[in-house]
Structure formats: C-alpha cells, structure tokens
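201 is the number of the first residue of the sequence shown in our numbering; add one for each residue after it.
Using N, Cα and C, we set each Cβ at its ideal position, and we do this for glycine too.
These numbers come from a predicted model, not from an experiment.
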Amino acid sequence: MAQQQSATQRILKVAGGLAVVLVLALGVSWWMGWLGGGEEGKRVETTEVQRRDITQTVTAFGRVQPEREITISPDVPGEIIALPVEEGERVQRGELLAQIEAKDYVAQTQQRRAGVQQAQADLQGLKADSAQARQEYERKKKLFEQEMISRQEFETAETAYEQAVAQLRSARYSVDQAQARLQESREQVQQTSIYAPIGGVVSRLNVEEGERVVGTDRQPGTEMMRIARLDQMEVEVDVNENDVVNVANGDTAAVEVDAYPDRSFEGIVTEIANSARVSGQGTQEQVTNFPVTIRLTSPHNQRPQQAAPGNAAPSSASDSATGRAGLQQREARFGPQGMPTFRPGMSATVDISTETVTDAVSVPIGAVTVRDFNDVQPRPDSTDGESGNALKQRAGRSGGEGGSSGRAEDLRQVVFLAEEGEARMAEVETGISDQTHIYVRSGLEEGQTIVTGPYRAIREGLRPGMALRTPGGGKGGGEDRPATTAAE
Numbered sequence: 201m202a203q204q205q206s207a208t209q210r211i212l213k214v215a216g217g218l219a220v221v222l223v224l225a226l227g228v229s230w231w232m233g234w235l236g237g238g239e240e241g242k243r244v245e246t247t248e249v250q251r252r253d254i255t256q257t258v259t260a261f262g263r264v265q266p267e268r269e270i271t272i273s274p275d276v277p278g279e280i281i282a283l284p285v286e287e288g289e290r291v292q293r294g295e296l297l298a299q300i301e302a303k304d305y306v307a308q309t310q311q312r313r314a315g316v317q318q319a320q321a322d323l324q325g326l327k328a329d330s331a332q333a334r335q336e337y338e339r340k341k342k343l344f345e346q347e348m349i350s351r352q353e354f355e356t357a358e359t360a361y362e363q364a365v366a367q368l369r370s371a372r373y374s375v376d377q378a379q380a381r382l383q384e385s386r387e388q389v390q391q392t393s394i395y396a397p398i399g400g401v402v403s404r405l406n407v408e409e410g411e412r413v414v415g416t417d418r419q420p421g422t423e424m425m426r427i428a429r430l431d432q433m434e435v436e437v438d439v440n441e442n443d444v445v446n447v448a449n450g451d452t453a454a455v456e457v458d459a460y461p462d463r464s465f466e467g468i469v470t471e472i473a474n475s476a477r478v479s480g481q482g483t484q485e486q487v488t489n490f491p492v493t494i495r496l497t498s499p500h501n502q503r504p505q506q507a508a509p510g511n512a513a514p515s516s517a518s519d520s521a522t523g524r525a526g527l528q529q530r531e532a533r534f535g536p537q538g539m540p541t542f543r544p545g546m547s548a549t550v551d552i553s554t555e556t557v558t559d560a561v562s563v564p565i566g567a568v569t570v571r572d573f574n575d576v577q578p579r580p581d582s583t584d585g586e587s588g589n590a591l592k593q594r595a596g597r598s599g600g601e602g603g604s605s606g607r608a609e610d611l612r613q614v615v616f617l618a619e620e621g622e623a624r625m626a627e628v629e630t631g632i633s634d635q636t637h638i639y640v641r642s643g644l645e646e647g648q649t650i651v652t653g654p655y656r657a658i659r660e661g662l663r664p665g666m667a668l669r670t671p672g673g674g675k676g677g678g679e680d681r682p683a684t685t686a687a688e
C-alpha cells in the first residue's frame, strides 16, 4: 500500500513539474508575441534614430616585438673563450660581446705574411731577369739589323725577352694575391672579437663560454645572441585579406597587451605588407592574412631618471618624446600604475581605427536587415508614403510576375519603422559601422522610431503594415501598448 502511494506521489510531482514548464513556455511565447497576439499586434522593441560618431575598426591579434633587433652571428668558427655579457644586460655600441679563440688565425696570418715576403722576393728576381733579357734582346736586334747574326738567333732573343716580361707580370699578380690572403687573415683575427653594432639590450643569449660556434662571411652562422632596442617597441598583427584593404599607413590604433589587462596604449600603423601569409593552403581551413606593423607611441620601457642630489623624486612619472619618422608622442602621466615594460613576444590585441564619421545618423546594427523586394506585398491602404500599386511596381522591377519562381532576387537593405502601431519598411543605404551601430547614409532621419528586436522578427517575421506592440512600463513589466511614433 505504501509503495502504491509513493508511486502516485511521484506521478503527481512529475505532472506538476510538466505543468509548470508548460505555463512558463506559454508565458514566454505570449511575452515574445509568438502566441495570442492575433490582431493585437506583434511584440517588438523600438528605439529612436540618433546621431553619433561612428568609428570603423579592424581588430587583429599579434605579438609585441622590438622595432629594431639585430641577430649576432660569428663570421669565423671557433671556441668562445670570453662572454662578458648576460641576457637582459644593456650594452653600448662598440662594447665587446664575445671573444673567440684566435691562435689558429694568428698563426695563419704569420704564414701568409711570410708568403707575401716570398712573393716579393720572387718578384725582385724576375725583375732582374727581365732587365737582362731586355738588354740581350736590344743587342741582338742591332746585330740583326747590321746582318751580323741570323734571323733565328734574333728571334730566340726576342722570345726570351717576352717570356721574361710575362713571368714578371705573373709575379706581380702573385704578390697581390699573397697580400690579399694576408689581409683576409688579419680580418679573421679581428673577427674573433665580436662587438655590439648598436646600443641596446641583450634580448636573447643562446651560447655559453666554452662552446664552439660555426661562422662564415657568406652564410649565417650560429645565432649567438640578439641585441634589441627595447625603448621603441611595435606590434606585428595578421589582418585578414577582407579587412586589410581598409587599413592605411598612419591609421591610429588602440593596443591592449595581455600583461596589462586594464590599460590601453596608443599606436600608429607604420607598415603594411604586400605579400600575404597563407596558412592551411589547399584545404578548407585556408586563411590569408597580411602582416601589419603598429608602432607603440605611448611611453614605455624607459629607465627612470635618477633624481638630482638633494631633490626628492617625483611622485608620478611623465615623459614626452619624439619617435622616429617625426611622430610626436603625447605626454602621459602614469601615476601609481608606473611605466609599462613590454617584452618581446607578449600577446596583444589591436583595434585599428580606419575611418570615422562624425554626427552620423546611426541605428543599432541588428535593426538593419535584407528583404527581397520581389516578395514584398504591401496592403493596398499602406501608409508608407507610396501607393500599393507603386510599391508593387518597384518590387517587381527586377523582372518576372509576382510569385514567379524564375525571377532574379532584388535584395535591399531595409529597416522597419514603428508608426501609428504598424510596421513600415524603409529602404536604407548604409556606410561604416562600429561594434554596436551602423551609419545610415540615406533613408532615415533623426528622431524616427525603428524596430530593434527581437532579432528573429526583424530577420524574417516583420512585413509592411503588420500591427506592432511594445512592452510597457520598462523591461519585463507593465502592460502592452501599441508602438507609437517619435512625435508621440
């Protein structure tokens, strides 16, 4: 008996729960206008057309990097016998970075110096031989002219002289070649000492003292370290091919670095690549992006200046500097937040402002939809300013009779106005947009009341002449009332 009562209670609880869910579903459907609206109208949300500034932005993601970073590689192979710098250390231009063992190159230099001396000695001997051959040739020439010797004897002397001249010329080339090899050896000795080409910070150190490195003056050798100018950083982002056409050099940008989540920094576009980066080529996931470089113009990575003796340090840091290419950086006070320190490789999000329209007639983006004007069938007593026949003629201008399946689509951008409790469709021409609103070039005026929701109604449900109702008494409360004009 107890088991029968327990089963009955469970059935009643399940039935009660289903009833509650059904009531809630009916209530939501009634509230959204899906049920029971009938002649009372479709429930919608409305707002007034306003003027505001619209800024079109392109959002991209990338990483912070130094504007100038140099890779240090050796020009000669050998063992590192001195490494006086550490990663993160600041160095000056011309400062010693590393020393490679040079004894083999010194010995080679001495050998080649001896080779130069040998070549010069050979040259002196051939000069003497050439002078003697010339004298012999001139003497035999005079005797031949006096017909005192035979032609064969004269030609032999002439050939000997020409050979001596050729050997002398070859000896001069040998001296030049030996001197060039000697100069090469001297340069190799000098290249065992590696100096900083610019002032900056050792941003990466890949070797240790005692390691052997490979180097050549014709191909890149072992990457020993990198020297970067961290006082001027930039962000390289990948911009999609559909958005890069809107980006131009000089566009301003707002940069958010993940390491500083509550702060935004200023930047400016300095370079747009002409060649694309294609990932997933030949697959459905193929993506084509173009690298875009944004220079950070907000002060950063600057060492604090030491206060003069007897002077108290300032309570807030400020800086005003002029960047490269004549870009003026605004003076910014950081207060308790301090000067930001950007490191190579930090992740960043960039919003590039590509175009701005001030005092623009704008509406929420969701209020603009697309309709096929061939399918629009307004009521004969339409109050949208056009007669029913005239609008039908406009709707059918793309060809075909009404309802013909073979006609071409006549798609246009429209918004729905709420006037006197009814929906009126207005064709609009739009321009740029920001995250929430879109610029309406023509078709609307400030102060008109437009339908902004629900999305499904705007997308598919609304038709010209349809009765409308808006929630009364604010969000989620009050009684329904017909949609009114802006004047009301």
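T359: member of the alpha helix (DSSP H) spanning R351 to Q391, first to last residue.
When C-beta atoms of the segment 397-416 are compared with those of the segment 334-348, fewer than three pairs fall below 8 angstroms, so the two segments do not count as touching. By DSSP's assignment, V640 forms a beta bridge with T630. In this structure, E301 sits near E279, with a CB-CB distance shorter than 7 angstroms. Counting only the Cα atoms, D610 lies some 23 angstroms from V563. Selection I552, N440 and V561 evaluated against Q256 yields I552 as nearest (Cα-Cα). Contact between V455 and I494 holds, since their C-beta atoms are separated by about 7 angstroms, short of 8 angstroms.
Fewer than three pairs of CB atoms, one per stretch, sit closer than 8 angstroms, so the segment 421-433 makes no contact with the segment 303-319.
Of the other Cβ atoms in all chains shown, 16 or more fall within 10 Å of the Cβ of Q648; this residue is therefore buried.
For R268, the three-state secondary structure derived from DSSP is coil.
In this structure, DSSP gives E466 an extended state, which the three-state scheme calls strand.
Spatial neighbours of E295 in its own chain (CB-CB distance under 7 angstroms, excluding positions within 5 residues in sequence) are listed in chain order as Y395 and A396. By the beta-carbon neighbour count (other beta carbons within 10 angstroms, threshold 16), A380 is exposed. Taking 7 angstroms as the cut-off, the Cβ atoms of R251 and V561 count as close. Taking 7 angstroms as the cut-off, the beta carbon of E620 is found no closer than this to the beta carbon of V249. By the criterion of a C-beta distance shorter than 8 angstroms, D451 is surrounded in its chain by I468, V469, I552, S553 and T554, once the five residues flanking it on both sides are discounted. Judged by beta-carbon spacing, M546 lies beyond the 7 angstroms limit of A473, meaning their Cβ atoms are not closer than that value.
Secondary-structure assignment with DSSP links Q613 through a beta bridge to V570.
Spanning the alpha carbons of T271 and E384 requires a straight line of approximately 23 angstroms. Counting only runs of 3+ residues, the beta strand (DSSP E) found wholly inside the segment 401-434 occupies 425-428, in chain order.
Under the three-state reduction of DSSP output, E338 falls in the helix class.
With contacts defined as CB atoms closer than 7 angstroms, R641 and E629 qualify as a contacting pair. Partner residues in a beta bridge of T208, as assigned by DSSP, do not exist.
A straight-line Cα-Cα distance of about 47 angstroms links Q377 and P544.
Residue state for Q324 is assigned as helix, using DSSP reduced to three classes.
Annotation for G566: T652, G653, Y655 and I658 place their beta carbon closer than 8 angstroms to its own, counting only its chain and skipping 5 residues before and after.
Counting only the Cα atoms, P420 lies some 34 angstroms from A319. The residue among L326, E345 and Y361 with its C-alpha nearest the C-alpha of S374 is L326. Distance from V407 to E289 at the Cβ level is roughly 14 angstroms; contact not present, criterion being Cβ atoms closer than 8 angstroms. Taking a 10 Å sphere around the C-beta of I211, we find fewer than 16 other C-beta atoms and assign the residue as exposed.
The continuous beta strand (DSSP E) containing E279 extends over residues G278 to A282. Judged by beta-carbon spacing, N501 lies beyond the 7 angstroms limit of T549, meaning their Cβ atoms are not closer than that value. Of V478, G315 and V437, the smallest CA-CA separation from Q265 is found for V437. Contact between T670 and T246 holds, since their C-beta atoms are separated by about 6 angstroms, short of 8 angstroms. DSSP places I300 in the uninterrupted beta strand (DSSP E) bounded by L296 to I300.
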